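A.B. asks: Got a structure for you, written out below as structure tokens; questions coming shortly.
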Amino acid sequence: MQTNFSLAQLADAAIRDSEQILRKCVHCGFCTATCPTYTILGDELDSPRGRIYQIKDMLEKGGPPPETTVKHIDRCLSCLSCMTTCPSGVHYMHLVDHARAHIEATHSRPPADRAVRDLIARVLPNPRLFRMALLGASIGRPFRVLLPRRLSAMLALTPSSVPAPSYSDRPGVHRAEGPRRKRVALLIGCAQQVLAPQINEATIRLLTRHGVEVVVSKGADCCGALTHHMGKEALAHAAAKKTIDAWTTEMEGGGLDAIVINASGCGTSVKDYGHMFREDAAYAAKAARVAGLAKDVTELMDEIGLARPVVETGQAIAYHSACSMQHGQRIKEPPRALLRAAGFLVKEIPDAHLCCGSAGTYNMLQPELAGELRDRKVAAIESTQAQAVAAGNLGCITQIAGGTGLPVVHTVELLDWATGGPMPEALAGRPAFRQGGVHAA
Numbered sequence: 001m002q003t004n005f006s007l008a009q010l011a012d013a014a015i016r017d018s019e020q021i022l023r024k025c026v027h028c029g030f031c032t033a034t035c036p037t038y039t040i041l042g043d044e045l046d047s048p049r050g051r052i053y054q055i056k057d058m059l060e061k062g063g064p065p066p067e068t069t070v071k072h073i074d075r076c077l078s079c080l081s082c083m084t085t086c087p088s089g090v091h092y093m094h095l096v097d098h099a100r101a102h103i104e105a106t107h108s109r110p111p112a113d114r115a116v117r118d119l120i121a122r123v124l125p126n127p128r129l130f131r132m133a134l135l136g137a138s139i140g141r142p143f144r145v146l147l148p149r150r151l152s153a154m155l156a157l158t159p160s161s162v163p164a165p166s167y168s169d170r171p172g173v174h175r176a177e178g179p180r181r182k183r184v185a186l187l188i189g190c191a192q193q194v195l196a197p198q199i200n201e202a203t204i205r206l207l208t209r210h211g212v213e214v215v216v217s218k219g220a221d222c223c224g225a226l227t228h229h230m231g232k233e234a235l236a237h238a239a240a241k242k243t244i245d246a247w248t249t250e251m252e253g254g255g256l257d258a259i260v261i262n263a264s265g266c267g268t269s270v271k272d273y274g275h276m277f278r279e280d281a282a283y284a285a286k287a288a289r290v291a292g293l294a295k296d297v298t299e300l301m302d303e304i305g306l307a308r309p310v311v312e313t314g315q316a317i318a319y320h321s322a323c324s325m326q327h328g329q330r331i332k333e334p335p336r337a338l339l340r341a342a343g344f345l346v347k348e349i350p351d352a353h354l355c356c357g358s359a360g361t362y363n364m365l366q367p368e369l370a371g372e373l374r375d376r377k378v379a380a381i382e383s384t385q386a387q388a389v390a391a392g393n394l395g396c397i398t399q400i401a402g403g404t405g406l407p408v409v410h411t412v413e414l415l416d417w418a419t420g421g422p423m424p425e426a427l428a429g430r431p432a433f434r435q436g437g438v439h440a441a
């Protein structure tokens, strides 16, 4: 693609990087076939190719973008399915992230839209505020139908009860069982520690059972992904720097073999820290070092090897590969291989490359499109006749569970249960899952 940036514009590092990305696009249109929003809306402007043209025009002209451009960029899920499909290596993630930051810096949103976005950006990444908000949501839930669509969508996603704080939230060291094979830091996540602490608990049990010492570092709560993908760079970078500093202290102290992440959306962002801080003299090297150590929990477990199951398994599990897992990190086989090693029958979901509609804050900011994508995903999952669903990202778990009666659990919960941990609460009482017994050889 031909570009027309001035020399003054190209003096900016973000513009230089985006210009190189734009030049790789050859207009082939392969990306349109795998884009969820284009699949639903059929509008070229809601396809990756259409958005690339709009981003190019916006960045070349500078200044506030037109409302139509904002609308079509806002509708993008950042699922990155286009990156998997693209034969030319267009790094759409970096391009659309730049576009969102430009929109945030130059565009004046309507007051209601701005207020909702600011609320999400301030509350969700703060575990204390998020917990308080969830407790307050229980009061507003009965009146959800009377509220504006976005607030109604947010309330629909809140749980009926909020789990109590967990031991896994607290900074500390969880010793390996038996000889120590590795020492890792665990990102407990800002929203995850409030909504689903059982995921971190299962991760700690699974890793320590396999000889891994797990460190929860003080200050390493939020990776900054949520605000980064909203274009709020200052908030995102502040959160990321705090986490980088916490892990750097650990690396320089007891040392780390890996930084383990059990939410694939967070993992995609942490692995991109080197790019995020490439122009920051104080953080470039530290960020690149952290990014180099980051691993999804299934990547680490695939390296270590799963212990033989100690309970009877064999149930049919539909594995949902989150977009951030299959497209963002290009991790495909390890989660499936681990589930099979645990004795489960892994069912492949039709059109697995298409997003479930969660996409960070997307199901709150674009509830209609997110709802249609969820319904399509649930129909595909249920067509497999699986007995449960496994996924490696909390957002996907929450989104899918809102549309199906099947239990939806994190992959590590199943691996933990199979190798000696408690049965996931979501499976309790389900006829296909029963405690006890030994897996047949």
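Counting along the sequence shown from 1, when you hit position 343 you're at 343 in full-length UniProt numbering, and nothing is skipped either side. For glycine and all other residues, C-beta sits at the position ideal for the given N, C-alpha and C. Computed from a prediction, not measured in an experiment: that's the story for all the values here.
1) Any heavy atom of the ligand HEM closer than 7 Å to the beta-carbon of Met58?
2) Using DSSP bridges, identify the partner residues of Leu345.
3) Within this structure, are the beta carbons of His353 and Thr37 separated by less than 8 Å?
4) Pairs of beta-carbons, one from the segment 29-44 and one from the segment 73-82, closer than 8 Å: are there three or more?
5) Checking the sheet assignment: what are the DSSP bridge partners for His410?
6) Quick check on Lys218: does DSSP put it in helix, strand or coil?
7) Does the distance from the CB of Ala426 to the CB of Val412 come in under 8 Å?
8) Return the residue from the list Leu95, Trp417, Arg430, Val145 that minimises the CA-CA distance to Ala202.
9) In the DSSP assignment, find the alpha helix (DSSP H) that holds Ile259 and state where it starts and stops.
10) I'd like to confirm the pairing. Which residues does DSSP put opposite Glu213 in its beta bridges?
11) Quick one, are the C-beta atoms of Lys347 and Ala380 less than 8 Å apart?
12) Taking the straight line between their C-alpha atoms, what separation do you get for Val90 and Asp97?
13) Compare the beta carbon distance of Pro66 and Thr106 with 8 Å and say whether it is the shorter of the two.
14) Less than 8 Å between the C-beta atoms of Ser269 and Met325, yes or no?
15) Alpha carbon to alpha carbon, what distance is there between Ala287 and Thr298?
16) With a floor of 4 residues, list each alpha helix (DSSP H) that falls wholly inside the segment 136-179, ordered by position along the chain.
17) For Ile304 and Leu195, what's the separation of their Cα atoms in angstroms?
18) So is Gly357 buried or exposed if we call it buried at 16+ other beta carbons inside 10 Å?
19) Tell me whether Val351 is buried or exposed, calling it buried when 16 or more other Cβ atoms sit within 10 Å of its Cβ.
20) Can you check whether the CB of Val389 is closer than 8 Å to the CB of Leu373?
21) Where do the N-terminal and C-terminal ends of the alpha helix (DSSP H) with Lys271 fall, by residue?
22) In or out: Ile52 buried (at least 16 other Cβ within 10 Å) or exposed?
23) Applying the criterion that 16 or more other CB atoms from any shown protein chain within 10 Å of the CB defines a buried residue, is Arg336 buried or exposed?
24) For Asp302 versus Val184, is the C-beta spacing smaller than 8 Å?
25) Could you tell me which residues DSSP pairs with Asp296 in its beta bridges?
26) Please state whether DSSP places Thr384 in a helix, a strand or coil.
27) Whole angstroms is fine: what's the gap from Phe277's alpha carbon to Ala291's?
28) Our contact map puts Ile55 next to Leu95 with C-beta atoms below 8 Å; I'd like the distance itself, whole angstroms only.
C.D. replies: Concretely, from the data shown:
1) The ligand HEM is not part of the structure shown, which contains no ligands of any sort.
2) Numbered from its first residue, the sequence shown carries residue 345 at position 345. Looking at the DSSP assignment, Leu345 forms a beta bridge with Ala316.
3) By 1-based counting over the sequence shown, the position of residue 353 is 353. By 1-based counting over the sequence shown, the position of residue 37 is 37. No, they are not a contact pair.
4) yes
5) The sequence position of residue 410 within the sequence shown is 410, counting from 1. In DSSP, His410 forms a bridge with Ala391.
6) The sequence position of residue 218 within the sequence shown is 218, counting from 1. In the structure shown, Lys218 sits in coil (DSSP, three-state: anything other than H, G, I, E or B).
7) For the purposes of this step, residue 426 is taken as residue 426 along the sequence shown, with counting starting at 1. For the purposes of this step, residue 412 is taken as residue 412 along the sequence shown, with counting starting at 1. Cβ distance not < 8 Å, so Ala426 and Val412 don't count as in contact.
8) Counting from one through the sequence shown, the residue named residue 202 turns up at place 202. Nearest C-alpha to Ala202: Trp417.
9) Position 259 of the sequence shown, counted from the start, is the residue given in the question as residue 259. Premise fails: Ile259 lies in the beta strand (DSSP E), 258-261, not in any alpha helix (DSSP H).
10) Position 213 of the sequence shown, counted from the first residue, corresponds to residue 213. Paired residues: Arg183.
11) As a first step, residue 347 is located in the sequence shown; it is residue number 347 there, counting from the start. As a first step, residue 380 is located in the sequence shown; it is residue number 380 there, counting from the start. Not a contact, by the Cβ cut-off of 8 Å.
12) As a first step, residue 90 is located in the sequence shown; it is residue number 90 there, counting from the start. As a first step, residue 97 is located in the sequence shown; it is residue number 97 there, counting from the start. Those two C-alpha atoms are separated by around 13 Å.
13) In the sequence shown, the residue the question calls residue 66 occupies position 66. In the sequence shown, the residue the question calls residue 106 occupies position 106. Taking 8 Å as the Cβ cut-off, Pro66 and Thr106 do not qualify as a contacting pair.
14) Along the sequence shown, one-based indexing puts residue 269 at 269. Along the sequence shown, one-based indexing puts residue 325 at 325. No; because the gap between Cβ atoms is not below 8 Å, this pair is not in contact.
15) As a working mapping, residue 298 is identified with position 298 in the sequence shown. As a working mapping, residue 287 is identified with position 287 in the sequence shown. Each residue's alpha carbon lies about 22 Å from the other.
16) 149-157
17) Along the sequence shown, one-based indexing puts residue 304 at 304. Along the sequence shown, one-based indexing puts residue 195 at 195. Straight-line measurement puts the Cα of Leu195 at about 29 Å from the Cα of Ile304.
18) On the sequence shown, residue 357 is found 357 positions in, with the first residue counted as 1. When all chains shown are included, Gly357 counts as buried.
19) For this step, residue 351 is matched to residue 351 along the sequence shown. For the sequence presented, residue 351 should be read as Asp rather than Val. Of the other Cβ atoms in all chains shown, fewer than 16 fall within 10 Å of the Cβ of Asp351; this residue is therefore exposed.
20) For the purposes of this step, residue 373 is identified with residue 373 of the sequence shown, where counting begins at 1. For the purposes of this step, residue 389 is identified with residue 389 of the sequence shown, where counting begins at 1. Contact: no.
21) Stepping through the sequence shown from its first residue, residue 271 is reached at position 271. No alpha helix (DSSP H) holds Lys271; DSSP gives it neither H nor E.
22) Numbered from 1 along the sequence shown, position 52 holds the residue referred to as residue 52. Ile52 is buried by the Cβ-count criterion.
23) Indexing the sequence shown from 1 puts residue 336 at position 336. The residue in question, Arg336, is buried, as its Cβ has 16 or more Cβ neighbours within 10 Å.
24) Here the question's residue 302 lines up with position 302 in the sequence shown. Here the question's residue 184 lines up with position 184 in the sequence shown. Cβ atoms of Asp302 and Val184: not closer than 8 Å.
25) On the sequence shown, position 296 is the one that residue 296 refers to. Paired residue(s): Ile261.
26) Counting from 1 along the sequence shown, the entry for residue 384 is found at position 384. Reduced to three states, the DSSP call for Thr384 is coil.
27) Translated into positions along the sequence shown, residue 277 becomes position 277. Translated into positions along the sequence shown, residue 291 becomes position 291. So the alpha carbons of these two residues sit roughly 11 Å apart.
28) Mapped onto the sequence shown, residue 55 falls at position 55. Mapped onto the sequence shown, residue 95 falls at position 95. Between Leu95 and Ile55 the Cβ distance is about 6 Å, and since that is below 8 Å, they are a contact.
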